[in-house]
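Scroll down for the structure; my scribbles are underneath it.
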Amino acid sequence: MLATDLYQAAYKPVVALWARYAERIAAEYERSLSALTTDAPVDIQALLDEAGSELERLFIILDAALRDWTLRVEAWQRGKWRGAVLSATAVDLQTVIGPEDVRETLESYLTWNTQLVRDVSAQTRQRISNAVFAGLQNRAPAREVAKEIREATGLARDRSLRIASDQLSKLSGALADERRREAGLDVWRWRWSHKKNGRAEHIARDGGLYTDNPALVGKSVGGEVIRAAPERGDRPSQKPYCGCRAQSELIFEFDD
């Protein structure tokens, strides 16, 4: 739901704007081609610039939507963490933890998503521009160029949906890691997402115990040996489109 909300709030408006301009640009291309006008590139460039100006105004609104979404994810994840701690220890953290504890992570992901939204837009503009100006150069049929232009907006939509899902996984994973470190829990269990075509090394790690604390590497709990955590960048949810997660483990005593 939160991934869909991110797409709807921040990415869909950009895709919709380019889809609207795509039709105008395709129509202008067809007109220019049939009239054999020499000013066609100028007219089409003007449409691209008009879209760019409208996007700059839109980005101001979207930045606020992104901040709202980021805070909603934090509240959702904090609620899950509070519930897990309450269930395991009967301690209620409601008045102890809040968004200010993870401010740096929230700002980092807000900046990242802001850049991603703009990158989706820039990539779409480049694809449309390439299709149009290559078409003019080669006098390509209007229907072929229109097809390429519409494909550009379709690719933008597909990429945006993937990004939204991935960003939810990454932000919630990063927040969970921060809460775990705040609580002084050094051991976590790798949980594979069971996504189709999962990474072989992630599947192999499923269910294993890991730690960031070198002093705990090699110790065992209930017969399970604790291993050193993989390098940063290859932990749960960190790889592109990885849906794995790190499940915190509350350990009262080790085997030895």
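Position 1 of the sequence shown, counting from 1, maps to 459 under the numbering used here, and the rest follow consecutively. Beta carbons are placed, not taken as given, at the ideal position from N, Cα and C, and that holds for glycine. It should be emphasised that the depicted structure is a prediction, and the values quoted were computed from it without experimental measurement.
Would the segment 635 to 644 and the segment 475 to 484 be scored as touching if the rule is three or more Cβ pairs under 8 Å? no
State the start and end residues of the unbroken alpha helix (DSSP H) segment that holds valine 645. Counting along the chain, valine 645 falls outside any alpha helix (DSSP H), though it belongs to the beta strand (DSSP E) covering 645 to 649.
In terms of residues, what are the limits of the alpha helix (DSSP H) holding serine 627? Unbroken alpha helix (DSSP H) run through serine 627: 600 to 640.
Taking a contact to mean a Cβ-Cβ separation below 8 Å, would you say leucine 716 touches arginine 489 in this structure? The chain is shown from 459 up to 714; residue 716 falls before or after that span and cannot be answered.
Measure the C-alpha to C-alpha separation of valine 590 and threonine 528 and round it to an integer number of angstroms. 37 Å
Excluding the 5 residues flanking leucine 491 on each side, which residues of the same chain have their C-beta closer than 6 Å to its C-beta? Ala600
Out of curiosity, what's the CA-to-CA distance linking alanine 533 and phenylalanine 517? Looking at the two C-alpha atoms, the distance is approximately 24 Å.
Anyone know if the C-beta pair for glutamate 689 and arginine 647 falls short of 8 Å? no
Determine which residues share a DSSP beta bridge with tyrosine 479 and list them. Answer is none; tyrosine 479 lacks a bridge partner.
Range of the contiguous alpha helix (DSSP H) that encloses arginine 576: Run containing arginine 576: 561 to 596, per the alpha helix (DSSP H) assignment.
So does threonine 563 have its beta carbon nearer than 7 Å to some heavy atom of the ligand NAD? Among the components of this structure there are no ligands whatsoever, and the ligand NAD is therefore not found.
In angstroms with no decimal places, state the Cα-to-Cα distance between leucine 520 and proline 471. In this structure, the alpha-carbon of leucine 520 lies about 8 Å from that of proline 471.
Confirm, please, whether the CB-CB distance from arginine 693 to alanine 686 is below 8 Å. For alanine 686 and arginine 693, no; Cβs fall outside 8 Å.
Got a sec? Which residues, its chain only, sit under 6 Å from proline 557 by beta carbon, not counting five neighbours each side? For proline 557, where only same-chain residues beyond five positions count, the Cβ hits under 6 Å are Glu532.
Tell me which residues share the same chain as aspartate 463 and place their Cβ nearer than 8 Å to its Cβ, disregarding the 5 neighbours each side in the sequence. Here the set comprises Trp527 and Arg530.
By Cβ distance, which residues of its chain are closer than 7 Å to serine 587, with the 5 residues on each side in sequence left out? Counting only Cβ-Cβ distances below 7 Å, and skipping sequence neighbours, we find Leu506.
Helix, strand or coil for glutamate 707 per DSSP? coil
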